Amino acid sequence: MKTDGILFDLDGTLWDATEGITAVWNEVMQQRCPGVRPAITREEVLGCMGMLLPDIGRKLFPDEQPVLQQALVEQFCRDEQSLLARTGGTLYPRLEETLRTLHGRFPLFIVSNCQNGYIECFLQAHGLGRWFADTENAGRTGLPKAQNIALVVERHGLKAPVYVGDTALDGQSARQAGVPYIFARYGFGSTHDY
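In terms of this note's numbering, the sequence shown opens at residue 8 and continues consecutively.
Below you can see the structure in the form of structure tokens.
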């Protein structure tokens, strides 16, 4: 059966925004709670990509109360969106050309575990909104990636979609949604299950 839609993960699949995110997160920490922990590294940010926001708070601040974890992650999100909407991130090589080619053959979608508004930063900063038929994220629905993949598939009546991502979690989510997984080997993660 021919594919009738391509769903993409965002971070590590379409762009790399970790440099800006790392700077913003460290700025927030210095303003809100200096000395709580050492500076967050880019490697730690990479390790958080694709995680739900409460899980990021627990991972980065395991010794802090959930209220502080949540407050910091919420501030991270507000400040990173402000920055990324203006500056964007690093697009992977030939991304727009690839999207243009694929768009001519398939409807394209983005499904991410990100906060609401983050995908819009990507689309706004890089002018790529015209290539995507729809987007969905955990911040808007409160659902994990597998359920958001299933939502987009159902919403658009897709019969043979594929999901493109860069981590084992992406593959697991696609599998849970009943969608074949294409591994973006150049991204942030690794997996042998694709």
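Using N, Cα and C, we set each Cβ at its ideal position, and we do this for glycine too.
Keep in mind it's a predicted model, so treat the numbers as computed, not measured.
- Boundaries of the alpha helix (DSSP H) around Y125: 125 to 133.
- When beta bridges are read from the DSSP output, G172 appears opposite F190.
- By the beta-carbon neighbour count (other beta carbons within 10 angstroms, threshold 16), G111 is exposed.
- Judged by DSSP secondary structure, T25 falls within the alpha helix (DSSP H) whose first and last residues are 25 to 39.
- The shortest CA-to-CA distance from A175 to any of S197, G134, S119, I47 is the one to S197.
- Beyond the five residues adjoining it in sequence on each side, G96 comes within less than 6 Å, by CB distance, of W22, D23, A24 in the same chain, given in chain order.
- Setting aside the 5 residues that flank it on each side, T94 is surrounded in the same chain by G27, A132, each with a C-beta closer than 7 Å to its C-beta; the list follows chain order.
- Inclusion of V169 and T20 in the CB contact set at 8 Å is not warranted, their separation being larger than that value.
- Cα atoms of P69 and V160: separation of roughly 36 Å, rounded to the nearest angstrom.
- By the neighbour-count definition (other C-beta atoms within 10 Å, threshold 16), T48 is an exposed residue.
- Taken in chain order, the complete alpha helix (DSSP H) segments of 4 residues or longer contained in the segment 136 to 170 are 145 to 148, 152 to 162.
- In terms of CA proximity to L135, L98 leads the group L98, L165, E143, I156.
- In the three-state reduction of the DSSP assignment, S180 falls in the helix class.
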